[in-house]
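Residue numbers (my numbering): 19 to 214.
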């Protein structure tokens, strides 16, 4: 149990506040059109595609959870029929990751959601979230859930709340800094100080 006050984070570690959010019935959405030249599609990813989009979307936010999985473990997720993957494509290049995980009975986890720099600020994120909500609730679920942390974009938490999610739990997570163990380049996430 943490006590009030400051607590040292050991060198070589990162610390984040994780907020868990849920939606217990479909949120009302408004019609959103994609910006011109952008298309939405489902993907049956292979390892190379997934690792590429995961890095291009998430490296700036220190996404590393899937980078530390070996090919067999990641392949098991990618090939699981209860996990669905979608993207937004611009000029022939995939520029977003939407991953819906239905492996828990009666629930869907919005496991990964993000855009590359090529789409941030275009309105494509709102479109992608609208699709996520519709796709998740088209299945027989009672709960859609997601989590975000203080290493993510500063807009992420508010975006989820405005999308209809309600925060219900907060945690502190401490882990090895992925830039020091080779999971991410040392130059990733310049907004998070690297303390070796």
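For glycine and all other residues, C-beta sits at the position ideal for the given N, C-alpha and C.
For residue i, the three-state DSSP class (helix, strand or coil)
i: residue 210; result: coil
i: residue 71; result: helix
i: residue 161; result: strand
i: residue 149; result: helix
i: residue 79; result: helix
i: residue 201; result: coil
i: residue 84; result: coil
i: residue 139; result: coil
i: residue 66; result: helix
i: residue 144; result: helix
i: residue 154; result: helix
Selection from the options that minimises the alpha carbon distance to residue i
i: residue 106; options: 98, 55 and 84; result: 55
i: residue 44; options: 144, 34 and 154; result: 154
i: residue 87; options: 186, 72 and 148; result: 72
i: residue 181; options: 203, 122, 150 and 127; result: 150
i: residue 127; options: 191, 136 and 166; result: 166
i: residue 201; options: 178, 191, 143 and 78; result: 78
i: residue 199; options: 184, 49 and 80; result: 80
i: residue 65; options: 206, 179 and 85; result: 85
i: residue 174; options: 208, 37 and 48; result: 37
i: residue 31; options: 208, 193 and 210; result: 193
i: residue 49; options: 141, 137 and 135; result: 141
i: residue 209; options: 171, 144 and 189; result: 171
i: residue 143; options: 93, 51 and 89; result: 51
Paired residues, beta bridge with residue i - DSSP
i: residue 166; result: 37
i: residue 58; result: 106
i: residue 111; result: 108
i: residue 122; result: None, per the DSSP bridge assignment.
i: residue 31; result: 194
i: residue 101; result: 119
8 Å CB neighbourhood of residue i in its chain, flanking five on each side removed
i: residue 67; result: 61 and 112
i: residue 131; result: 115, 116, 117, 146, 147, 150 and 164
i: residue 29; result: 213 and 214
i: residue 101; result: 95, 117, 118, 119, 120, 121 and 129
i: residue 161; result: 40, 41, 42, 124, 125 and 126
Host beta strand (DSSP E) of residue i (start-end)
i: residue 132; result: 125-133
i: residue 190; result: 184-194
Interface flag, residue i vs chain D, CB-CB below 9 Å
i: residue 110; result: No chain D appears in this structure, which consists of one protein chain only.
Cβ-based neighbour list, residue i, same chain, cut-off 7 Å, excluding 5 preceding and 5 following
i: residue 63; result: 96 and 103
i: residue 183; result: 39, 40, 41 and 164
Span of the alpha helix (DSSP H) around residue i
i: residue 178; result: 174-180
i: residue 93; result: 89-96
6 Å Cβ shell around residue i - same chain, five flanking residues per side excluded
i: residue 204; result: 197
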